[in-house]
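The opening residue of the sequence shown carries number 362 in the working numbering; numbering runs sequentially from there. All C-beta atoms in this analysis are idealised placements derived from N, C-alpha and C, irrespective of residue type, glycine included. Reviewing the structure listed below.
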Amino acid sequence: MNKKLIALAVAAGVAAPMSAQAAPTLYGQLQAEISSEGRDNAANTTADGRIIQGGGGRFQEDVGVTDNKRGRLGVKGDEDLGGGLKAIYKYEWQVDTADQSTTTAGSDPIHTNGREAFVGLKGGFGQIELGRLKSAYKYYGGVKYDPFVTTEMEARRYGGMSTGSFGHNSFLSDTLAYQGKFGMVSMRITYNLDEQANTDGDYTAGLKFGSKAWEAGIALAHDDNGSTAADDAYDALKVFGKVKFGNMAVRGQYEMTEDENGTTANGNVKQEGEILFLGFDMKFGGKTTLSIQAAQNTVEVAGAPDQEGDYVAVGVTHKFTKKTRIFAGYGAMSGDNLNNVQSDNNDRDAVTVGMRIDF
(Lines of atoms letter the chains of each structure in order from A and count residues from 1; the text may use other names and numbers.)
(Lines give C-alpha, C1' and ligand atoms only; values in the text may rest on other atoms or scores of the structure.)
Protein backbone atom coordinates (compact mmCIF):
# COMPACT_ATOMS: atom_id res chain seq x y z
CA MET A 1 0.00 0.00 0.00
CA ASN A 2 2.80 2.39 0.98
CA LYS A 3 4.59 1.65 -2.31
CA LYS A 4 1.44 2.57 -4.27
CA LEU A 5 1.06 5.84 -2.36
CA ILE A 6 4.71 6.73 -3.02
CA ALA A 7 4.29 5.97 -6.76
CA LEU A 8 1.16 8.13 -6.95
CA ALA A 9 2.95 10.98 -5.17
CA VAL A 10 5.90 10.82 -7.58
CA ALA A 11 3.55 10.76 -10.60
CA ALA A 12 1.62 13.75 -9.26
CA GLY A 13 4.87 15.65 -8.72
CA VAL A 14 5.95 15.03 -12.31
CA ALA A 15 2.55 15.90 -13.79
CA ALA A 16 2.04 19.09 -11.79
CA PRO A 17 4.59 21.30 -13.62
CA MET A 18 3.44 19.90 -16.97
CA SER A 19 -0.20 20.79 -16.30
CA ALA A 20 0.84 24.37 -15.45
CA GLN A 21 1.91 24.91 -19.08
CA ALA A 22 -0.69 25.94 -21.63
CA ALA A 23 -1.49 23.16 -24.09
CA PRO A 24 -0.36 23.90 -27.67
CA THR A 25 -3.05 24.89 -30.16
CA LEU A 26 -3.34 22.92 -33.40
CA TYR A 27 -4.93 24.91 -36.23
CA GLY A 28 -5.23 24.97 -39.99
CA GLN A 29 -6.96 26.10 -43.16
CA LEU A 30 -8.02 23.96 -46.11
CA GLN A 31 -9.25 25.21 -49.48
CA ALA A 32 -9.97 23.94 -52.97
CA GLU A 33 -11.32 25.74 -56.04
CA ILE A 34 -12.27 24.96 -59.61
CA SER A 35 -11.03 27.56 -62.08
CA SER A 36 -11.26 28.04 -65.81
CA GLU A 37 -8.32 30.12 -67.07
CA GLY A 38 -7.62 31.64 -70.46
CA ARG A 39 -4.77 33.53 -72.15
CA ASP A 40 -4.13 35.38 -75.41
CA ASN A 41 -0.54 34.42 -76.17
CA ALA A 42 0.58 30.85 -75.48
CA ALA A 43 4.15 31.61 -76.59
CA ASN A 44 4.80 34.50 -74.19
CA THR A 45 4.99 33.80 -70.45
CA THR A 46 7.86 36.17 -69.59
CA ALA A 47 7.36 39.19 -67.32
CA ASP A 48 9.44 41.36 -64.99
CA GLY A 49 8.85 39.06 -62.00
CA ARG A 50 8.52 41.81 -59.39
CA ILE A 51 5.08 43.12 -60.44
CA ILE A 52 3.81 40.51 -62.91
CA GLN A 53 5.13 37.06 -62.08
CA GLY A 54 6.04 35.19 -65.25
CA GLY A 55 6.04 31.51 -66.07
CA GLY A 56 3.44 29.07 -67.33
CA GLY A 57 1.73 29.06 -63.95
CA ARG A 58 0.66 32.66 -64.51
CA PHE A 59 -0.50 32.33 -68.13
CA GLN A 60 -2.53 29.16 -68.63
CA GLU A 61 -5.50 27.96 -70.65
CA ASP A 62 -7.30 25.09 -68.97
CA VAL A 63 -9.69 24.02 -66.22
CA GLY A 64 -8.01 23.07 -62.97
CA VAL A 65 -8.64 22.13 -59.36
CA THR A 66 -6.19 23.93 -57.10
CA ASP A 67 -5.31 25.07 -53.61
CA ASN A 68 -3.53 28.33 -54.39
CA LYS A 69 -1.37 28.51 -51.22
CA ARG A 70 -4.28 28.71 -48.76
CA GLY A 71 -3.81 25.26 -47.21
CA ARG A 72 -1.78 25.25 -44.01
CA LEU A 73 -1.37 23.33 -40.75
CA GLY A 74 0.22 24.77 -37.65
CA VAL A 75 0.90 24.54 -33.96
CA LYS A 76 1.31 27.50 -31.62
CA GLY A 77 1.33 28.25 -27.93
CA ASP A 78 2.81 30.16 -25.04
CA GLU A 79 4.09 29.76 -21.50
CA ASP A 80 3.58 32.25 -18.70
CA LEU A 81 7.01 33.18 -17.34
CA GLY A 82 5.65 35.50 -14.68
CA GLY A 83 5.91 39.24 -14.30
CA GLY A 84 3.73 39.83 -17.37
CA LEU A 85 6.20 37.98 -19.64
CA LYS A 86 5.31 35.06 -21.93
CA ALA A 87 7.38 32.73 -24.07
CA ILE A 88 5.67 32.22 -27.45
CA TYR A 89 6.16 29.82 -30.35
CA LYS A 90 4.64 28.94 -33.70
CA TYR A 91 5.41 26.46 -36.48
CA GLU A 92 3.34 26.36 -39.67
CA TRP A 93 3.48 24.07 -42.72
CA GLN A 94 2.17 24.80 -46.21
CA VAL A 95 -0.13 22.03 -47.43
CA ASP A 96 -1.97 21.54 -50.71
CA THR A 97 -5.58 20.50 -50.17
CA ALA A 98 -6.11 19.56 -53.82
CA ASP A 99 -3.00 17.34 -54.04
CA GLN A 100 -2.58 16.38 -50.35
CA SER A 101 1.00 17.58 -50.61
CA THR A 102 3.37 19.18 -48.10
CA THR A 103 6.51 19.01 -50.27
CA THR A 104 8.10 21.22 -52.88
CA ALA A 105 7.08 20.13 -56.39
CA GLY A 106 10.08 21.03 -58.55
CA SER A 107 10.10 24.70 -59.52
CA ASP A 108 6.31 25.09 -59.44
CA PRO A 109 5.68 28.25 -57.34
CA ILE A 110 2.24 26.98 -56.31
CA HIS A 111 3.75 24.16 -54.17
CA THR A 112 6.00 24.95 -51.24
CA ASN A 113 6.30 23.94 -47.61
CA GLY A 114 7.89 27.08 -46.15
CA ARG A 115 5.71 29.24 -43.93
CA GLU A 116 6.03 30.98 -40.57
CA ALA A 117 8.05 29.49 -37.68
CA PHE A 118 9.49 31.27 -34.63
CA VAL A 119 10.22 31.45 -30.93
CA GLY A 120 9.87 34.69 -29.00
CA LEU A 121 8.91 36.76 -25.99
CA LYS A 122 5.76 38.81 -25.40
CA GLY A 123 5.06 41.40 -22.72
CA GLY A 124 4.09 44.98 -22.03
CA PHE A 125 6.96 46.12 -24.27
CA GLY A 126 5.45 44.34 -27.31
CA GLN A 127 6.60 41.14 -29.02
CA ILE A 128 10.00 39.85 -30.18
CA GLU A 129 10.28 36.95 -32.65
CA LEU A 130 13.20 35.01 -34.16
CA GLY A 131 12.89 32.55 -37.04
CA ARG A 132 11.05 32.52 -40.40
CA LEU A 133 8.72 35.48 -40.11
CA LYS A 134 5.97 37.57 -41.63
CA SER A 135 7.18 40.59 -43.57
CA ALA A 136 5.83 43.93 -42.34
CA TYR A 137 5.55 45.01 -45.98
CA LYS A 138 3.34 42.02 -46.85
CA TYR A 139 0.93 42.35 -43.93
CA TYR A 140 0.58 46.12 -43.51
CA GLY A 141 -2.10 46.81 -46.09
CA GLY A 142 -0.97 44.20 -48.61
CA VAL A 143 -2.56 40.76 -48.43
CA LYS A 144 -4.85 42.02 -45.65
CA TYR A 145 -6.44 44.28 -48.29
CA ASP A 146 -7.15 41.49 -50.77
CA PRO A 147 -10.23 39.35 -49.98
CA PHE A 148 -9.27 37.14 -52.94
CA VAL A 149 -5.72 36.39 -51.78
CA THR A 150 -4.74 32.71 -52.29
CA THR A 151 -7.39 32.30 -55.01
CA GLU A 152 -7.09 32.51 -58.80
CA MET A 153 -8.52 36.06 -58.53
CA GLU A 154 -5.77 37.40 -56.24
CA ALA A 155 -3.95 40.66 -56.90
CA ARG A 156 -0.36 39.57 -56.23
CA ARG A 157 1.40 37.87 -59.16
CA TYR A 158 -1.13 39.41 -61.58
CA GLY A 159 -0.10 43.06 -61.42
CA GLY A 160 -2.22 44.20 -58.48
CA MET A 161 0.49 43.93 -55.82
CA SER A 162 4.26 43.40 -55.92
CA THR A 163 5.55 39.83 -55.75
CA GLY A 164 8.48 38.08 -54.06
CA SER A 165 9.43 37.73 -50.40
CA PHE A 166 10.02 41.50 -50.19
CA GLY A 167 6.64 42.07 -51.82
CA HIS A 168 3.49 40.08 -51.04
CA ASN A 169 4.67 36.46 -51.31
CA SER A 170 6.51 34.12 -48.99
CA PHE A 171 8.21 34.80 -45.64
CA LEU A 172 11.62 35.97 -44.37
CA SER A 173 14.05 33.32 -43.11
CA ASP A 174 16.70 33.79 -40.38
CA THR A 175 15.05 37.01 -39.23
CA LEU A 176 14.54 38.97 -36.02
CA ALA A 177 11.33 41.00 -35.55
CA TYR A 178 9.74 43.44 -33.12
CA GLN A 179 6.12 44.50 -33.11
CA GLY A 180 4.08 46.63 -30.75
CA LYS A 181 0.80 48.49 -30.39
CA PHE A 182 0.55 51.80 -28.59
CA GLY A 183 -2.98 53.20 -28.56
CA MET A 184 -3.89 53.99 -32.16
CA VAL A 185 -0.38 53.22 -33.43
CA SER A 186 0.91 49.79 -34.50
CA MET A 187 4.38 49.00 -35.77
CA ARG A 188 6.43 46.01 -36.96
CA ILE A 189 10.10 45.80 -37.94
CA THR A 190 12.02 42.80 -39.28
CA TYR A 191 15.80 42.65 -39.70
CA ASN A 192 18.11 39.90 -40.95
CA LEU A 193 21.45 39.48 -39.16
CA ASP A 194 22.62 36.30 -40.91
CA GLU A 195 26.06 36.95 -42.45
CA GLN A 196 26.55 33.24 -43.21
CA ALA A 197 23.55 33.26 -45.56
CA ASN A 198 24.64 36.64 -47.00
CA THR A 199 21.24 38.09 -46.09
CA ASP A 200 22.35 40.50 -43.36
CA GLY A 201 21.00 44.00 -43.93
CA ASP A 202 17.61 42.90 -45.28
CA TYR A 203 14.70 44.60 -43.53
CA THR A 204 11.01 45.44 -43.68
CA ALA A 205 9.08 47.96 -41.59
CA GLY A 206 5.48 49.04 -41.20
CA LEU A 207 3.74 51.83 -39.27
CA LYS A 208 -0.04 52.06 -39.01
CA PHE A 209 -2.47 54.51 -37.40
CA GLY A 210 -6.18 53.93 -36.98
CA SER A 211 -9.21 52.43 -35.29
CA LYS A 212 -11.93 49.91 -36.20
CA ALA A 213 -13.44 52.43 -38.65
CA TRP A 214 -10.28 53.55 -40.49
CA GLU A 215 -6.55 53.09 -40.84
CA ALA A 216 -3.62 54.55 -42.75
CA GLY A 217 0.06 53.77 -42.84
CA ILE A 218 3.36 53.27 -44.60
CA ALA A 219 5.59 50.23 -45.20
CA LEU A 220 9.16 49.73 -46.45
CA ALA A 221 11.21 46.79 -47.72
CA HIS A 222 14.92 46.50 -48.54
CA ASP A 223 16.66 43.46 -49.99
CA ASP A 224 20.42 43.88 -49.52
CA ASN A 225 20.98 40.68 -51.47
CA GLY A 226 24.58 40.79 -52.62
CA SER A 227 28.20 41.49 -51.87
CA THR A 228 28.63 44.30 -54.42
CA ALA A 229 26.90 47.64 -54.89
CA ALA A 230 25.31 46.42 -58.13
CA ASP A 231 23.64 43.58 -56.23
CA ASP A 232 22.13 45.78 -53.52
CA ALA A 233 19.09 44.99 -55.45
CA TYR A 234 15.69 46.01 -54.26
CA ASP A 235 13.74 48.68 -52.37
CA ALA A 236 9.99 49.18 -52.05
CA LEU A 237 7.81 51.83 -50.44
CA LYS A 238 4.06 51.58 -49.91
CA VAL A 239 1.37 53.88 -48.52
CA PHE A 240 -1.99 52.35 -47.69
CA GLY A 241 -5.35 53.13 -46.13
CA LYS A 242 -8.87 51.85 -45.52
CA VAL A 243 -12.14 53.37 -44.33
CA LYS A 244 -15.39 51.67 -43.31
CA PHE A 245 -18.82 53.25 -43.36
CA GLY A 246 -21.90 51.20 -42.57
CA ASN A 247 -21.85 47.98 -44.58
CA MET A 248 -19.25 49.30 -47.04
CA ALA A 249 -15.47 49.71 -47.08
CA VAL A 250 -12.94 51.32 -49.43
CA ARG A 251 -9.27 50.26 -49.39
CA GLY A 252 -6.20 51.08 -51.40
CA GLN A 253 -2.44 51.25 -51.61
CA TYR A 254 0.25 52.77 -53.81
CA GLU A 255 3.63 51.07 -54.27
CA MET A 256 6.93 52.29 -55.67
CA THR A 257 9.67 49.73 -56.33
CA GLU A 258 13.30 50.02 -57.46
CA ASP A 259 15.33 47.02 -58.55
CA GLU A 260 18.98 47.95 -59.13
CA ASN A 261 19.74 44.63 -60.77
CA GLY A 262 16.47 43.58 -62.41
CA THR A 263 16.31 40.80 -65.00
CA THR A 264 14.98 42.02 -68.35
CA ALA A 265 15.32 41.20 -72.04
CA ASN A 266 18.12 43.81 -72.06
CA GLY A 267 20.05 42.02 -69.32
CA ASN A 268 20.36 42.95 -65.66
CA VAL A 269 19.48 46.64 -65.51
CA LYS A 270 17.74 49.04 -63.16
CA GLN A 271 13.93 48.73 -63.08
CA GLU A 272 11.50 51.17 -61.49
CA GLY A 273 7.93 50.10 -60.86
CA GLU A 274 4.64 51.61 -59.68
CA ILE A 275 1.36 49.95 -58.67
CA LEU A 276 -1.91 51.67 -57.75
CA PHE A 277 -4.44 49.28 -56.17
CA LEU A 278 -8.03 50.13 -55.12
CA GLY A 279 -10.82 47.98 -53.71
CA PHE A 280 -14.46 48.25 -52.59
CA ASP A 281 -16.50 45.87 -50.39
CA MET A 282 -20.21 45.75 -49.60
CA LYS A 283 -21.84 43.35 -47.11
CA PHE A 284 -25.30 41.93 -47.51
CA GLY A 285 -27.13 40.32 -44.61
CA GLY A 286 -23.98 40.12 -42.51
CA LYS A 287 -22.66 36.95 -44.18
CA THR A 288 -22.23 37.79 -47.89
CA THR A 289 -19.69 40.28 -49.25
CA LEU A 290 -19.37 41.64 -52.77
CA SER A 291 -15.79 42.75 -53.52
CA ILE A 292 -14.51 44.71 -56.52
CA GLN A 293 -10.85 45.66 -56.99
CA ALA A 294 -8.59 46.97 -59.72
CA ALA A 295 -4.97 48.03 -60.25
CA GLN A 296 -2.66 49.65 -62.76
CA ASN A 297 1.09 49.02 -62.94
CA THR A 298 4.17 50.21 -64.81
CA VAL A 299 7.78 49.00 -64.98
CA GLU A 300 10.29 51.45 -66.48
CA VAL A 301 13.72 50.56 -67.89
CA ALA A 302 16.02 53.14 -69.47
CA GLY A 303 16.16 52.80 -73.25
CA ALA A 304 13.26 50.33 -73.46
CA PRO A 305 9.46 50.60 -73.69
CA ASP A 306 7.56 50.62 -70.41
CA GLN A 307 5.93 47.39 -69.29
CA GLU A 308 2.33 48.32 -68.47
CA GLY A 309 -0.47 46.28 -66.99
CA ASP A 310 -4.01 46.31 -65.65
CA TYR A 311 -5.70 44.02 -63.14
CA VAL A 312 -9.37 43.68 -62.15
CA ALA A 313 -11.37 41.21 -60.05
CA VAL A 314 -14.97 40.96 -58.89
CA GLY A 315 -16.34 38.24 -56.65
CA VAL A 316 -18.67 37.20 -53.85
CA THR A 317 -17.78 35.51 -50.56
CA HIS A 318 -20.45 33.90 -48.39
CA LYS A 319 -19.55 32.89 -44.83
CA PHE A 320 -21.84 30.20 -43.44
CA THR A 321 -19.96 30.57 -40.15
CA LYS A 322 -16.68 32.18 -39.05
CA LYS A 323 -14.90 29.00 -40.14
CA THR A 324 -16.66 27.92 -43.35
CA ARG A 325 -17.08 29.96 -46.54
CA ILE A 326 -17.62 29.63 -50.27
CA PHE A 327 -16.51 32.10 -52.95
CA ALA A 328 -16.88 32.71 -56.66
CA GLY A 329 -15.74 35.38 -59.08
CA TYR A 330 -13.78 36.59 -62.08
CA GLY A 331 -10.25 37.96 -62.33
CA ALA A 332 -8.38 39.39 -65.33
CA MET A 333 -4.95 40.80 -66.14
CA SER A 334 -3.46 42.45 -69.20
CA GLY A 335 0.22 43.12 -69.82
CA ASP A 336 1.79 45.21 -72.60
CA ASN A 337 5.48 45.27 -73.54
CA LEU A 338 6.15 42.44 -71.11
CA ASN A 339 9.72 42.31 -69.86
CA ASN A 340 10.07 45.74 -71.52
CA VAL A 341 9.93 44.27 -75.04
CA GLN A 342 7.95 46.29 -77.60
CA SER A 343 4.53 44.77 -78.44
CA ASP A 344 5.25 41.62 -76.44
CA ASN A 345 1.77 41.41 -74.92
CA ASN A 346 -0.38 38.88 -73.10
CA ASP A 347 -3.74 38.81 -71.32
CA ARG A 348 -5.07 36.37 -68.75
CA ASP A 349 -8.46 35.79 -67.14
CA ALA A 350 -10.03 33.26 -64.77
CA VAL A 351 -13.47 32.26 -63.55
CA THR A 352 -13.34 30.40 -60.27
CA VAL A 353 -15.50 28.91 -57.50
CA GLY A 354 -14.24 27.37 -54.28
CA MET A 355 -14.64 26.50 -50.62
CA ARG A 356 -12.49 27.19 -47.56
CA ILE A 357 -12.66 25.75 -44.03
CA ASP A 358 -10.65 27.04 -41.05
CA PHE A 359 -10.14 25.04 -37.88
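Three-way DSSP call (helix, strand, coil) for residue i in this model
i           : result
residue 726 : For residue 726 there is no data in the structure shown, the boundaries of the chain being 362 and 720.
residue 503 : helix
residue 554 : coil
residue 468 : With a pLDDT of 45 at residue 468, under the threshold of 50, the predicted position of this residue should be treated as unreliable, and no value is reported.
residue 707 : strand
residue 700 : helix
residue 625 : strand
residue 457 : strand
residue 444 : coil
residue 638 : strand
residue 562 : coil
Limits of the alpha helix (DSSP H) - the one that residue i falls within
i           : result
residue 500 : 497-500
Identified DSSP bridge partners for residue i
i           : result
residue 722 : With the chain covering only 362 through 720, there is no way to say anything about residue 722.
residue 601 : 578 and 614
residue 437 : 386 and 451
residue 713 : 396 and 690
residue 620 : 595 and 632
residue 718 : 391 and 685
residue 413 : 519
residue 584 : 595
residue 606 : 609
residue 549 : 540 and 567
residue 527 : None; residue 527 has no bridge partner.
residue 643 : 609 and 651
residue 486 : Bridge partners of residue 486: none, in fact.
Within 8 Å, strictly: CB atoms of residue i and residue j
i           : j           : result
residue 712 : residue 396 : yes
residue 512 : residue 688 : yes
residue 700 : residue 406 : no
residue 566 : residue 497 : yes
residue 671 : residue 695 : yes
residue 476 : residue 461 : no
residue 412 : residue 660 : yes
residue 793 : residue 459 : Look at the range of the chain in this structure, 362 to 720, and you will see that residue 793 is not part of it.
residue 421 : residue 400 : yes
residue 640 : residue 613 : yes
residue 386 : residue 437 : yes
residue 457 : residue 432 : yes
residue 617 : residue 635 : yes
residue 530 : residue 549 : no
residue 479 : residue 450 : yes
residue 539 : residue 487 : yes
residue 542 : residue 484 : no
residue 585 : residue 527 : no
residue 601 : residue 521 : no
residue 665 : residue 638 : no
residue 577 : residue 571 : yes
residue 721 : residue 690 : Shown here, the chain extends from 362 to 720; a query on residue 721 therefore has no answer.
residue 494 : residue 533 : yes
residue 383 : residue 440 : yes
Endpoints, the beta strand (DSSP E) within which residue i is located
i           : result
residue 658 : 649-661
residue 422 : Unbroken run through residue 422: none, as it is neither H nor E.
residue 541 : 533-543
residue 721 : Residue 721 is absent from the structure shown; the chain starts at 362 and stops at 720.
CB contact check: residue i to chain E, cutoff 8 Å
i           : result
residue 685 : Here chain E cannot be found, since the structure has a single protein chain.
Any non-hydrogen atom of the ligand FMN closer than 7 Å to residue i Cβ
i           : result
residue 526 : In terms of ligand content, the structure shown is empty, and the ligand FMN therefore cannot be addressed.
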